[in-house]
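With this note's numbering applied, the sequence shown corresponds to residues 84 to 199, in that order. Even glycine gets a Cβ: it sits at the ideal position worked out from N, Cα and C.
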Amino acid sequence: MPFYEIVCIAVHYPQYQHIHGLIKASMKAVFDAGGVVRQLTSDGTKILPQRIRSHQAWHSYGDYWTMRFDASPKLMKTVTSSLTQDPRVIKWTVIKLGTKLEDILEPPSKTVRWRP
84 MPFYEIVCIA
94 VHYPQYQHIH
104 GLIKASMKAV
114 FDAGGVVRQL
124 TSDGTKILPQ
134 RIRSHQAWHS
144 YGDYWTMRFD
154 ASPKLMKTVT
164 SSLTQDPRVI
174 KWTVIKLGTK
184 LEDILEPPSK
194 TVRWRP
């Protein structure tokens, strides 16, 4: 299964139940299709670099979050279509991090051994 990362900017609401529901729905879609969520991070609320129009509304603030997961390419169509149609999402992108274990792991650091 390929390793993906979703970077998403969600509409900022005073209550966090809206973003919680969005993230929960995205994770549930991955779990139901047999995928594995590896990491979920929230970067908090930030001012957008410019006003963005999404779903017939202008937005100046957004909640940034990232989800890394393993899933099949078929599942990606389901997740991306749900993010496109969800009015709580301002912008999103999917990054394919790799398909093999060698692509995902970081190479060992090259260090010089110091001997006095």
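- The Cβ atoms of phenylalanine 86 and leucine 180 lie closer than 7 Å to each other.
- In this structure, the straight-line span from the alpha carbon of tryptophan 141 to that of lysine 193 is close to 48 Å.
- Beta-bridge pairing by DSSP links valine 94 to Gly145.
- Going by beta carbons, histidine 95 and aspartate 146 fall inside the 7 Å limit.
- Counting only runs of at least 4 residues, the segment 145 to 171 fully encloses the following alpha helix (DSSP H) elements, listed from N- to C-terminal order: 156 to 168.
- Methionine 84 is positioned such that its CB atom lies no closer than 7 Å to that of serine 165.
- In the three-state reduction of the DSSP assignment, leucine 105 falls in the helix class.
- With a threshold of 16 other beta carbon atoms within 10 Å, leucine 158 meets it and is buried.
- Here lysine 174 carries a strand assignment [DSSP, helix/strand/coil].
- Beta bridge pairing from DSSP links tyrosine 87 with Phe152 and Lys179.
- Sorting Gly104, Asp153, Val90 and Ser109 by C-alpha distance to the C-alpha of glycine 118 places Asp153 at the top.
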